[in-house]
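For the sequence shown, this note's numbering begins at 2 and goes up steadily by one. Glycine is no exception: its CB is placed at the ideal position from the N, C-alpha and C atoms. Keep in mind it's a predicted model, so treat the numbers as computed, not measured.
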Amino acid sequence: MQDHVNIGMGRSARRVVGLDRVDIVPTRRTRSSHEVDTSWNIDAYQFEIPVMTHPSDAVVTPDMAVEFGRFGGLPVINAEGLWGRHADLEDALSKVRSAVLEGTTQGVSAHKVLQELHSAPIDQGLLAERIAQVRDSGVTFGVRVSPQRARELAPTLISSGLDLLVIQGTLVSAEHVHSDGEPLNLKEFIGSLDAPVIAGGVVDYTTAMHLMRTGAAGVIVGSGTTTNVSALGIDVPMATAIADAAAARLDYLDETEGRYVHVIADSHLATAGDVAKAIACGADAVSLGQPLAMAESSGGRGNYWPSVAAHPALPRGEVDAIYGEAGPREVTSLERILFGPTDNPFGEENIVGGLRRAMAKCGYTNLKDFQKVQLAVR
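As structure tokens, this is what we get:
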């Protein structure tokens, strides 16, 4: 039964829960973490870890995409980012990093620098070249487009050899309506493509169900940024949003007599504990941004911005240096961030190791079973 609270005369609101208020409850049985299987598969593709990258240039460079794929995750490239706009990608990224540093000392707006870099047109040939670098490495990868530019960019992206197309915006519905052109009907669009599609974000049961009915292989829960509440007034705490999408997944499974759509949590997930709780609430996998931008091979190298931070009129998400529980952090290897070993006691590194131990402490050996773990709300 849903819990509602009166917020004034004639108006009530649903009471919802964030991951910070949810705790995982262990059972009487524990296991060795060496017995835990963290593999995840979507469509025909299998991954050793249930982690994909948030499609931000602060995270994914060509080198990082290959490295992340070889570690068993799913790298996702932002087709509308800097990859296809600037021949010297490293120079463009360094300008953003410098702007973050100068912003703290000289008042430079890193958002403005990022917007200026994004004002350059997308060169689809350059973008295809960079995607080919990743494709030729042999790793499985995805490419993200917004609903607004999906029709324009998808043919080039699919012909360039991507494995998964990710249609992602701040919030995505089954039909993107606009007055100056033909609406994007995702069911028709996805049905016309020769690649599986992951779509999102969504924050409620109904929209998740609608996206599942489009034929998407996966649905992204969350917007990948925490600033929608200040910029748009829109936010739904992630524990509730994930649980709602998981309920839609179960109902859709019954409706279709067996078609399973994966739920991927993408919001401000910063620690191994966040990842474990997201999966415990019902996610099949997570999309990480900020934690991966601490990698030496990332574009941000200690700085982070979500894919929507470069919007020309209303940017969402900060362009800023990353701070941990103990203050400013130093960049490190991607391997240490994912698998350790580490001396960081806050769960900000060895993220997969933390997930494995959480599962083992509760007696579970695979992700699907771990979704049944008991939860408590503080």
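Take residue i and list the residues in its own chain whose beta-carbon comes closer than 8 Å to its own, dropping the five residues that flank it on each side.
i, result
"Thr-417", "As shown, the chain starts at 2 and ends at 379. That puts residue 417 outside it, with no answer to give."
"Leu-118", "Leu-83, Arg-86, His-87, Ala-93, Lys-96, Val-97 and Ala-311"
"Thr-366", "Arg-32, Glu-36, Val-37, Asp-38 and Met-360"
"Tyr-324", "Arg-330"
Going by Cα to Cα distance, which pick from the options is closest to residue i?
i, options, result
"Val-287", "Thr-241, Ser-33, Asp-275 and Pro-148", "Asp-275"
"Thr-1", "Gly-364, Gln-372 and Val-378", "Nothing can be reported for residue 1, as the shown portion of the chain is limited to 2 through 379."
"Ala-266", "Tyr-253, Ala-247, Thr-366 and Asp-24", "Ala-247"
"Val-378", "Pro-329, Lys-278 and Glu-258", "Lys-278"
"Thr-62", "Leu-194, Pro-329 and Leu-94", "Leu-94"
"Val-17", "Asp-4, Ala-111, Leu-356 and Asp-344", "Asp-4"
"Ser-57", "Ala-310, Gly-355 and Thr-343", "Ala-310"
"Gln-291", "Gly-318, Gly-283 and His-312", "Gly-318"
"Met-210", "Gly-170, Asp-255 and Gly-192", "Asp-255"
"Gly-341", "Ile-168, His-119, Arg-357 and Glu-326", "Arg-357"
"Gly-192", "Val-203, Ala-155 and Gly-170", "Ala-155"
"Ala-271", "Asp-92, Val-167, Ala-294 and Ser-160", "Ala-294"
"Ala-100", "Trp-306, Thr-343 and Ile-338", "Trp-306"
"Arg-150", "Ser-110, Gly-355 and Ile-168", "Ile-168"
"Val-204", "Leu-194, Glu-189, Asp-245 and Leu-185", "Asp-245"
"Asp-24", "Ala-273, Gly-328 and Asp-344", "Ala-273"
"Ala-327", "Pro-313, Ala-314, Phe-347 and Ser-308", "Phe-347"
"Gly-202", "Glu-189, Leu-194 and Val-173", "Val-173"
"Gln-372", "Ala-314, Leu-339, Ala-296 and Ala-281", "Ala-281"
"Arg-29", "Asp-370, Lys-369, Leu-368 and Lys-362", "Lys-362"
"Asp-370", "Arg-22, Arg-15, Gly-11 and Trp-41", "Trp-41"
Enumerate in chain order the residues of its own chain whose CB-to-CB distance from residue i is below 6 Å, with the five nearest sequence positions on each side excluded.
i, result
"Val-144", "Ile-78, Ala-80, Leu-158 and Leu-163"
"Thr-227", "For Thr-227, the pLDDT reaches just 49, beneath the cut-off of 50, and the residue's location in the model is therefore unreliable, leaving the point undetermined."
"Gly-136", "The question names Gly, yet the displayed sequence has Arg at residue 136. Within the same chain, Arg-136 has close Cβ partners Gly-162."
"Arg-98", "Asn-304"
"Ile-50", "Thr-39, Gly-73, Gly-74 and Val-353"
"Ala-121", "Arg-86"
"Gly-301", "Ala-59 and Ala-294"
"Glu-68", "Ser-298 and Leu-335"
Quick check on residue i: buried or exposed, where buried means 16 or more other Cβ atoms within 10 Å of its Cβ?
i, result
"Val-114", "buried"
"Val-222", "buried"
"Thr-207", "exposed"
"Glu-331", "exposed"
"Glu-350", "buried"
"Arg-86", "buried"
"Val-198", "buried"
"Val-26", "exposed"
"Gln-375", "exposed"
"Ile-43", "buried"
"His-55", "buried"
"Ser-13", "exposed"
"Ile-8", "exposed"
"His-35", "exposed"
"Pro-184", "exposed"
"Asp-236", "buried"
"Arg-131", "buried"
"Val-6", "exposed"
"Ser-308", "buried"
With a threshold of 7 Å on Cβ separation, who are the neighbours of residue i within its own chain once the five nearest residues in sequence on each side are excluded?
i, result
"Val-262", "Met-213, Ala-217, Ala-218, Gly-219, Val-220, Arg-250 and Tyr-253"
"His-112", "Ala-310, Pro-316 and Val-320"
"Ser-20", "In the sequence as presented, Ser is not what sits at residue 20; that position holds Leu. Contacts found: Met-239, Ala-240, Asp-275, Lys-278 and Ala-279."
So what does residue i bridge to, in DSSP terms?
i, result
"Phe-190", "Note: Phe-190 sits in no beta bridge, so no partner."
"Arg-145", "Asn-79 and Val-167"
"Val-26", "Gln-375"
"Ala-133", "None; Ala-133 has no bridge partner."
"Met-53", "Leu-75 and Ser-288"
"Trp-41", "Phe-48"
"Gly-216", "None, per the DSSP bridge assignment."
Since residue i is in the beta strand (DSSP E), which residue starts that stretch and which ends it?
i, result
"Leu-158", "Element bounds for Leu-158: not the beta strand (DSSP E) but the alpha helix (DSSP H), 151 to 160."
"Tyr-46", "46 to 48"
"Ile-199", "198 to 203"
"His-5", "5 to 9"
On the DSSP letters alone, give me the boundaries of the alpha helix (DSSP H) that residue i sits inside.
i, result
"Gly-283", "Segment: none, Gly-283 is in no alpha helix (DSSP H) and carries neither H nor E."
"Arg-32", "Per DSSP, Arg-32 belongs to no alpha helix (DSSP H) and is neither H nor E."
"Gly-354", "352 to 362"
"Val-114", "111 to 119"
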